[in-house]
Amino acid sequence: MKPDINSVFSWMDSAEISDRHIEKIRISKHLRKMRVILDGELNEDVKHDVEKELMRHFRLNRVKIDVKNDDFSLPPAEAEFAPPVAAAVRHEERPARNLGKAHSLDVIYGSKIRSTLVPISSIDENSQTVCFEGTVFGVEMRDIKSKKTKKEYHLILLDVTDFEDSVTVQLFIEADEKNEEKYAMIQKAFGKVNKNVEKGGLKAGVPVTIKGKAQYNDYAKEVIVMANSICAAEPPEEKEDNAEKKRVELHLHTQMSQMDAVSSAAALIDRAVKWGHTAIAITDHGVVQSYPDALKASKDNERIKVIYGIEGYLVDDSARITEGIASGTVDGKFVVFDIETTGLSGKTDEITEIGAVKVENGEVTERWGTFVNPGRSIPKKIVELTSITDEMVKDAPKIGEVLPKFFEFCRGCVLVAHNATFDTGFIRVAAERNGIEYNFSHLDTLQLAKCLYPDLGNYKLNNLTKHLKIVLENHHRAVDDAKATADIFIKMTEELKEKHIVNLAELNGAFDMRAASKRNRVNHIIILAKNIKGIRHIYEMVTDSHLKYFFRTPRLPRSLIIEKREGLIIGSACEAGELFRAVVAGASDDELKKIVDFYDYLEIQPIGNNAYMKRSDEFPNVNTDEDLRELNKKIVALGEKYNKPVVATCDVHFMDPEGADYRKILMNYKGFSDADNQAPLYFRNTEEMLSEFEYLGKEKAYEVVVTNTNLIADMVEKVRPIPTKKCPPVVEGAKEGIVNDSHRKAKEIYGDPLPDVVKERLDKELNSIVNYGFSVMYRIAQELVRKSNEDGYLVGSRGSVGSSFVATMAGITEVNPLRPHYYCEKCHFSDFDSDEVKKYAGGAGCDMPDRKCPECGADLVKAGFDIPFETFLGFKGNKEPDIDLNFSGEYQSKAHDYTEVIFGKGQTFRAGSIGTLADKTAYGYVKNYFEERGQRKRHSEIERITEGCVGVRRTTGQHPGGII
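Numbering (our numbering), first residue to last: 8 to 971.
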């Protein structure tokens with residue numbers, strides 16, 4: 008009997024395969040390949056999708072679908088389907104599947120299991136006895152006592168998942184001698200299960216086959232399984248990379264990409280090492296916070312070469328307030344104009360209206376305007392936006408007739424427009440097409456507004472008119488927009504005069520154009536450090552992007568990247584990069600060449616990464632997978648044309664396909680409406696990537712996947728982002744100062760010469776402090792305490808610094824760590840060794856009885872807490888000092904500021920802190936996600952997905968007291 012294809016493809020929603028039947032299926036377990044013979048042809052796109060889905064669903068290396076009568080090249084079938092794993096794109100309502108018979112291994116509890124397996128998602132209160140396979144990821148064991156029988160039981164709760172759903176398994180074992188062996192077996196099997204071993208993927212659990220009865224549990228308020236038998240199962244076969252020459256991943260995000268990626272740097276590096284990859288890049292969004300973990304996981308690049316980089320947010324700051332203006336003042340002659348068009352592309356769209364206003368000496372003197380016949384129908388969306396219809400322009404002159412009249416109106420004037428690059432670009436292209444000379448300079452009110460009003464929410468024309476209290480009628484009509492722009496320009500010239508900026512040629516230099524550009528449109532960019540110089544430049548750019556150019560994201564002006572380019576390799580990034588966007592927009596060859604020239608290599612990604620474009624109205628020309636492949640082919644062609652290497656990357660955001668379940672929670676929290684449609688942003692091996700890009704041809708696919716990724720990796724030196732050398736700050740005279748101050752204070756208390764016990768302790772401590780370069784730490788603390796006390800605020804020390812006698816003598820702490828003793832403030836008598844004092848050894852001197860000085864009769868001071876110096880700096884005296892000081896709340900900011908006085912402006916900064924997603928917060932996100940969709944999930948499934956989200960960077964902040 009031929010199986011119905013729907014039973015195999017039951018999770019797929021394609022009508023085109025519903026009437027097909029399988030003639031034969033043959034699977035090679037050893038090679039992890041499948042061959043399917045159908046009774047009829049499939050559409051090529053559908054067939055390709057089905058093959059990919061089968062590969063993901065059954066964890067196969069290769070799937071081929073053909074029609075009957077083809078020869079089989081695969082070995083005979085060796086096994087039934089492997090247990091399914093989560094696909095990159097999920098379908099919540101998936102029919103239950105028969106997974107075949109269980110093949111259990113060693114019995115952990117009960118007896119051998121040979122029943123038919125079902126997916127966990129199919130288990131409900133009507134299931135009765137069920138058998139399923141999964142991985143134990145959570146364990147709770149405790150002893151309880153029955154209220155009825157008074158007997159004691161071992162209660163075992165197991166959270167089990169098949170990475171599509173999870174269920175809690177419950178087991179009671181009576182606590183008596185005959186059952187202790189059973190309980191010991193369970194403890195041995197599951198006692199070391201730790202949900203937190205590997206964030207972003209519960210691979211540390213125990214694979215099991217379980218048979219038991221499904222029933223509703225009143226305490227848990229959900230369906231659980233009461234286990235009858237538990238057996239060990241074969242662990243899921245881990246994916247390997249069997250390619251002779253491995254690829255290198257050059258675009259990868261860790262948990263430090265804020266609320267965007269779920270796998271740790273250590274887990275990803277371990278996977279790359281296991282696969283035999285020689286290098287891997289870390290490119291988190293705008294930050295370098297995963298570098299320490301990556302360095303540690305790579306064992307200083309001994310296991311694998313880590314390429315340190317970032318995925319930055321590029322803003323183009325090349326636009327200027329004025330272009331081509333050599334002279335003139337703000338009181339000169341200007342033509343402020345605006346145009347309406349059939350679309351946004353100067354290459355393919357046409358002008359439908361021009362409106363212009365002449366301004367002289369800050370006053371409007373003339374107006375000019377006309378409709379333009381574009382020679383085509385105006386798109387519906389443009390009609391809705393501008394209210395200009397085909398009827399309105401049908402009798403208007405063509406652009407070739409309009410431009411000479413417009414240029415005559417503009418003669419001798421500087422052109423002014425809001426976003427002048429757009430308006431003058433259309434005019435320039437139209438002039439070239441009609442053989443008309445264009446030689447005007449221009450001024451951009453958009454760029455000028457960004458400089459004059461840096462705190463404005465946005466710089467759209469209607470927002471500017473509202474801010475400057477200017478009337479704007481019929482927005483998106485050229486004549487009215489030109490008049491409003493003219494009024495804005497006049498007000499701006501008045502403000503420029505107030506700032507004593509009148510010469511047009513000086514406008515660009517009068518403002519910080521980098522800062523003004525931080526609200527420009529963002530494009531993604533990959534920046535990799537080639538060497539230690541590149542690491543330094545990345546650090547400097549990350550600092551500037553957060554402190555100088557931050558707007559919603561840490562922005563990187565293009566000119567800053569050019570300035571810091573030495574030691575860096577620049578890549579064109581993903582579909583959010585300027586090259587991909589330009590290709591999608593149909594940019595001209597000149598525009599594409601200009602963009603390509605900026606990059607060292609170009610990037611393409613699996614089409615699944617960009618599948619959202621098929622669903623978005625923003626990309627009307629992208630409707631099929633073939634359209635996405637064509638975009639990649641165009642980038643490959645650009646690489647060939649301009650001799651730039653093209654690399655294929657995964658844009659990794661999670662390690663395995665099931666990571667999509669975790670990331671969708673983060674995306675939902677961030678407000679993405681398509682959070683459920685997760686792209687397959689998982690870490691792929693070389694074979695998977697070669698298969699993905701086979702449409703480029705075998706040679707080209709190998710070039711972009713293997714050859715060029717290794718080419719880029721080979722350009723990178725093995726570097727440490729964190730130096731091994733200690734770099735303590737330098738304070739002139741710190742060593743001499745701490746030695747002299749300590750001796751002086753000690754002599755003030757104990758006299759000169761010092762008692763042997765005092766001198767020995769002081770010399771011992773100073774020897775360690777001076778020889779290991781810790782003098783400056785003591786000096787800084789001493790200065791801060793002195794300054795605070797001088798300003799009238801007491802300082803409290805805490806922690807192990809109380810064990811340092813030098814700290815006491817330097818005034819850093821009031822705790823005297825010497826053994827209990829008496830001393831006289833007047834004559835410097837001291838008693839460390841009398842029988843009365845020795846009774847308090849190891850205790851506190853303040854507990855000793857009061858005494859009079861035997862030499863001068865004054866009251867003796869009781870001191871000492873008998874704390875060894877090793878408590879602070881270790882047995883060798885080389886431990887890093889940790890001096891914790893408590894300043895008054897109202898004085899703390901002044902203490903922070905004083906560190907800048909000590910070291911100089913720009914030489915200190917506040918230490919940062921990283922806030923990650925905690926268990927309870929993540930649990931709330933997951934619970935809310937399912938509640939919003941009206942889906943009820945078992946507690947164990949919520950826990951599983953929660954664990955995949957825990958540890959993701961949620962926010963960053965400033966350390967409350969740490970100054971570096």
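Where is the CB? At the ideal position from N, CA and C, for every residue including glycine.
Cα-Cα separation, residue i to residue j
| i | j | result |
| --- | --- | --- |
| Ala523 | Tyr556 | 9 Å |
| Glu954 | Ala929 | 8 Å |
| Lys202 | Gly578 | Because the pLDDT of Lys202 is 47, which lies under 50, any placement of that residue in the model is unreliable, and the number read from its coordinates should be weighed accordingly. Each residue's Cα considered, the two are about 37 Å apart. |
| Ser334 | Lys490 | 25 Å |
| Gly969 | Val478 | 52 Å |
| Ala279 | Lys152 | 49 Å |
| Met520 | Pro126 | 60 Å |
| His828 | Cys956 | 57 Å |
| Phe916 | Leu503 | 36 Å |
| Arg374 | Val366 | 9 Å |
| Gly141 | Val215 | 6 Å |
| Lys71 | Asp248 | 20 Å |
| Arg149 | Leu162 | 5 Å |
| Gly212 | Val137 | 21 Å |
| Lys220 | Ser129 | 13 Å |
| Thr714 | His660 | 23 Å |
| Leu124 | Asp169 | 12 Å |
| Ile576 | Gly331 | 33 Å |
| Leu209 | Lys927 | Residue confidence is low: Leu209 scores 40 on pLDDT, short of 50, so the model does not pin down where it sits. Its coordinate-derived value is still stated next. Roughly 18 Å between the two C-alpha positions. |
| Asn426 | Asp323 | 14 Å |
| Ile32 | Val74 | 11 Å |
| Lys859 | Ala865 | 6 Å |
| Asn677 | Phe894 | Here residue 677 is Lys; the residue named in the question, Asn, does not match the sequence. One C-alpha to the other measures close to 38 Å. |
| Glu710 | Leu697 | 10 Å |
Own chain, CB closer than 8 Å to residue i, minus 5 neighbours either side, in chain order
| i | result |
| --- | --- |
| His531 | Glu318, Gly319, Tyr320, Leu321, Ala580, Cys581, Ala583, Gly584 |
| Val379 | Glu357, Ile358, Thr359, Glu360, Ile361, Val400, Ala403, Pro404, Lys405, Ile406, Val409 |
| Gln965 | Arg917, Ala918, Gly919, Ser920 |
| Tyr898 | Ser795, Asp798, Tyr800 |
| Tyr905 | Glu790, Leu791, Lys794 |
Of the listed residues the options, nearest to residue i (C-alpha basis)
| i | options | result |
| --- | --- | --- |
| Ala667 | Ala686, Lys677, Asn675 | Ala686 |
| Val723 | Ile542, Gly407, Phe344, Glu547 | Ile542 |
| Pro627 | Lys537, Lys388, Thr492 | Lys388 |
| Phe341 | Cys420, Gly369, Leu302 | Cys420 |
| Val167 | Tyr619, Glu625, Val200, Ala438 | Val200 |
| Asn717 | Thr285, Ala589, Lys476 | Thr285 |
| Asn50 | Asp632, Lys119, Glu188, Phe587 | Asp632 |
| Leu112 | Lys157, Ile217, Ser134 | Ile217 |
| Ile787 | Pro735, Gly884, Leu178, Leu302 | Pro735 |
Beta-carbon contacts of residue i that lie in its chain and below 7 Å, excluding the five residues immediately before and after
| i | result |
| --- | --- |
| Ile952 | Asp668, Tyr669, Ile672, Val933 |
| Thr349 | Asp356, Glu357, Thr359, Pro381, Arg383, Ile385, Pro386, Ile389 |
| Asp488 | Asp345, Gly362, Leu468, His482 |
Neighbour-count burial assignment, residue i, 16 or more Cβ in a 10 Å radius
| i | result |
| --- | --- |
| Ser297 | buried |
| Cys657 | buried |
| Arg418 | exposed |
| Val294 | buried |
| Ala485 | buried |
| Glu251 | exposed |
| Tyr466 | buried |
| Arg768 | buried |
| Phe79 | Bear in mind that the predicted position of Phe79 carries a pLDDT of just 42, short of 50, making it too unreliable to give a figure here. |
| Asp494 | buried |
| Pro824 | buried |
Cβ shell of residue i (< 6 Å), same chain only, five flanking positions each side left out
| i | result |
| --- | --- |
| Leu422 | Val342, Phe447, His449 |
| Pro967 | none |
| Ser884 | This sequence places Gly at residue 884; Ser is not what is there. Closer than 6 Å at the Cβ level, and outside the excluded window around Gly884, lie Ser775. |
| Asn796 | none |
Below 8 Å, can you find three or more Cβ-Cβ pairs linking the stretch 633 to 653 to the stretch 588 to 607? yes
Does the stretch 809 to 825 come within contact of the stretch 742 to 756, defined as at least 3 CB pairs closer than 8 Å? yes
Are the stretch 836 to 853 and the stretch 800 to 812 touching, with three or more C-beta to C-beta distances below 8 Å? no
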